[in-house]
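Using the numbering used here, you'd call the opening residue of the sequence shown number 114 and step up by one each time. Even for Gly, the Cβ is constructed at its ideal location relative to N, Cα and C. Predicted model only: the values in this text are computed from it and were never measured. Have a look at the structure below, then the notes.
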Amino acid sequence: GEIARAIGDASAARAVGQALGRNPFAIVVPCHRVVGANAKLVGFSANGGIATKLRMLMIEGWRAEEQSLFEELA
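Rendered as structure tokens:
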């Protein structure tokens with residue numbers, strides 16, 4: 114919902130999720146930075162799924178207590 118709100122349409126959260134889920138360039142378009150509500154790790158389409166997503170986030174310095182990476186990285 115945070116990305117959808119940032120683009121001006123809070124009702125577009127599902128569409129944002131679907132677009133990120135179809136991202137063929139996971140390294141170039143950093144969809145791994147999208148985490149669910151309460152910092153829950155949600156789907157990731159690259160090889161290794163959520164485990165790969167977690168490794169990428171940890172390399173970038175993400176901590177589970179962070180509610181959002183959006184403001185920091187925008």
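Residue i in three-state terms, based on DSSP
i, result
"residue 159", "coil"
"residue 141", "coil"
"residue 150", "helix"
"residue 120", "coil"
"residue 130", "helix"
"residue 173", "coil"
Best match in the options for proximity to residue i [C-alpha to C-alpha]
i, options, result
"residue 177", "161, 142, 150 and 160", "150"
"residue 175", "128, 120 and 152", "152"
Any chain B beta carbon closer than 9 Å to residue i
i, result
"residue 154", "The structure shown has no chain B; it contains just one protein chain."
Next on the checklist: Could you check whether the region 166 to 174 touches the region 135 to 146, counting it as contact only if at least three pairs of C-beta atoms, one from each stretch, sit closer than 8 Å?
Outcome noted: A contact exists between the region 166 to 174 and the region 135 to 146.
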